[in-house]
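Undergrad:
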Amino acid sequence: LHFLHSVCGICHRDLKPDNIVIQRGVDGKKVYKLTDFGLARGTPDQTMVQSVVGTRHYFAPEVVEKGFYNSTVDFWSFGVIAYELVTGELPFIPHQNLKNIVVNLIKKPAGCIAITEDPEDNTRFVNQFKLPQEHHLSRPWAAEFTKWLRSPLNSNYKERGQLAANEVPVVFDDLDKILNMNVLTIFAVNYCKRLEYAVSAEMTMKDLIGLIVRDTGMDEKELYFVLPTSHPHKTVTPESTPLQLYVEEWSDTSKDSRKWTKCSNPPVMLYIFQVKKECDYNAPEPILSILARKFIANKFKTKEGWLQNRVVLDMLYVLTKEQARYEMLVSGINERALSLEDEMMENSFIIDSIDKQRIIISFACDQLKSLLKEAQAKIPSRQLISSTQLEKLNRNYEIIIQSAKSIRSYLESCLREAKAMVKTTNQLRKEVCGKDLFD
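Residue numbers (our numbering): 60 to 498.
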């Protein structure tokens, strides 16, 4: 779009999802292509064109209000498409007639990114300044994206077309900054809570831990980090940084991407467990929209098709989020089992070391007894060791040998339990992930 405007001097004038096609590369990556230039025309920088063209819901308010406009109408359409991609619905009362849409767009205040209809009063329209909660963006990304939407969805076309310091339209420049944001995704297993933080090279582990403590209520000393098995950083060490825990390839966990790339990305980049004698557990309540709550309470009665569809979509969103939370929980427990097994395998040398030391001690004790017996035979008139001392020696020897056997047995038992836990959680993960729990 920037190329069309800056190099070709062309205004598309009919941007909409139907005119954007996606090509899949052999590696599964998407290439977006802009099509249908039937309404496109040349628009020199200072020229205002006059004609009402475009597709309802996607053309800018000045197209209908004044009939005069420039290439910034494409920015508006771009913003509408972006909002639709994120929320699944058009931003400005799409079910209403064109007159109501245009009247409300013209009156729309600065900063408003959507207009909705009051479900209990179809003559009342509400300006929205935030995204609805029904979206799948990370919290840091959603916050910045909301700010960005104010630019392309600005009713004032002059402000909408402002240039950044690098002479690139602010609409594109600000979006590039958001797309370069690194969001570290975390799942606090004990609390079934997904955490998301924008991380940078300057951020320290102390900073990250402070945020986790703030958002979970756990004590800093109780935190135990587990990385997914395929994480390139392998383990969290005192020298680790939050940015090192971020994995670019794992940012997209959509089923569509998994299908095309044939890569099973983990749902998050880091799992957190609480370590104490009696752990806290908390299962958060599903977050329901106002419409969904009324529907569940049987207080929702309407024949409006758009409202019925909205309730269905809201309920689907809740179920999708609950399924994702359950998959993260199972995946987290599975990763903990795998890490425990790995730790036990890495420390299996301790078992061999215990056996080796036990053999050495047994040999040394037998040698000592043999030497004492021979020495006593040569000097019968003198008692080299008292019966009490000998009894104490034998008792200590038995304690050491039994302790070694107990430790060995305990370690072997832990390893067996870890392997069994891995097997069980692998099966559970296989049964849960990728299937509809509510079918």
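The beta carbon of each residue, even a glycine, is placed where N, CA and C say it ideally should be.
(1) Given a cut-off of 8 Å, decide if Leu329 and Phe497 are closer than it, judged by their beta-carbon atoms.
(2) Check the DSSP bridge columns for Ile81 and list the partner residues they point to.
(3) Ordered along the chain, which non-local residues of its own chain (more than five positions away) have a Cβ less than 7 Å from that of Ser187?
(4) In terms of residues, what are the limits of the alpha helix (DSSP H) holding Arg72?
(5) Pull up the distance between the alpha-carbon of Ser390 and that of Pro326, whole angstroms please.
(6) Where Phe231 and Trp309 are concerned, what is the direct C-alpha to C-alpha distance, given to the nearest angstrom?
(7) Indicate whether Leu164 and Pro120 have their beta-carbon atoms separated by less than 8 Å.
(8) Would you call Gly220 buried or exposed, if buried means 16 or more other Cβ atoms sit within 10 Å of its Cβ?
(9) Do Trp207 and Leu234 come within 8 Å of each other at the CB atom, strictly closer than that value?
(10) Looking only at C-alpha atoms, which of His61, Lys358, Pro76 and Cys251 sits nearest to Glu226?
(11) Given that a residue counts as buried once 16 or more other Cβ atoms are within 10 Å of its Cβ, and exposed if not, what is Asn129?
(12) Pick from Ala260, Asn249 and Glu261: whose alpha carbon is nearest that of Ile271?
(13) Please name the residue or residues paired with Thr447 in a DSSP beta bridge.
(14) Using a Cβ-Cβ cut-off of 6 Å (strictly less than) and excluding sequence neighbours within five positions of Leu487, which residues of its own chain qualify?
(15) Quick check: what's the CA-CA separation for Pro178 versus Leu366?
(16) Mapping the DSSP letters down to three states, classify Asn341 as helix, strand or coil.
(17) For Phe204, which three-state DSSP category applies?
(18) So, helix, strand or coil for His61, using DSSP?
(19) Which complete beta strand (DSSP E) runs does the segment 236 to 317 hold, if anything under 3 residues is left out?
(20) What are the boundary residues of the beta strand (DSSP E) that Ala173 is part of?
(21) Just tell me which of Leu196, Ile140 and Ile420 has its CA closest to the CA of Leu74.
(22) For Met374, which residues from the same chain have a beta carbon less than 8 Å from its beta carbon, with the 5 sequence-adjacent residues on both sides left out?
(23) Taking 8 Å as the cut-off, does the segment 415 to 434 touch the segment 460 to 480 (at least 3 CB pairs, one atom from each stretch)?
(24) Quick check: what's the CA-CA separation for Phe246 versus Lys336?
(25) Identify which residue in Asp278, Glu281, Arg273 and Glu261 has its Cα closest to the Cα of Ser299.
(26) Identify the residues that DSSP records as bridge partners of Val185: which are they?
(27) Quickly, what does DSSP pair Thr366 with across the bridge? List them, please.
(28) Within the segment 376 to 463, note down every full beta strand (DSSP E) run reaching 3 residues or more, in order along the chain.
(29) In whole angstroms, what is the alpha-carbon distance linking Ser210 and Thr296?
(30) Quick one: measure Cβ to Cβ for Val145 and Leu190, integer angstroms, because I've assumed they're closer than 8 Å.
(31) Using a Cβ-Cβ cut-off of 8 Å, state whether Ile419 counts as contacting chain B.
(32) Tell me the DSSP bridge mates of Phe332?
(33) Using DSSP bridges, identify the partner residues of Leu222.
(34) What does Asp373 pair with, by DSSP beta-bridge criteria?
(35) Could you check whether Val258 and Leu243 sit closer than 8 Å to each other, using their CB atoms as the reference points?
(36) Determine which residues share a DSSP beta bridge with Asp180 and list them.
TA: Let me lay it out:
(1) no
(2) Tyr91
(3) Per the sequence presented here, residue 187 reads as Gln, with Ser not at that position. The residues are Cys171, Ile172, Ala173, Ile174 and Thr175.
(4) Element bounds for Arg72: n/a, residue is neither H nor E.
(5) 8 Å
(6) 24 Å
(7) yes
(8) buried
(9) yes
(10) His61
(11) buried
(12) Asn249
(13) Answer is none; Thr447 lacks a bridge partner.
(14) Val389
(15) 7 Å
(16) coil
(17) helix
(18) helix
(19) 241 to 247, 252 to 258 and 282 to 285
(20) Ala173 to Asp177
(21) Ile140
(22) Ala351 and Phe354
(23) yes
(24) 21 Å
(25) Glu261
(26) Thr175
(27) Thr is not the amino acid found at residue 366; the sequence shown has Leu there. Leu366 pairs with nothing; no bridge assigned.
(28) none
(29) 42 Å
(30) 7 Å
(31) Absence of chain B from the displayed structure is noted, only one protein chain being present.
(32) Tyr283
(33) Pro228
(34) Answer is none; Asp373 lacks a bridge partner.
(35) yes
(36) Asp177
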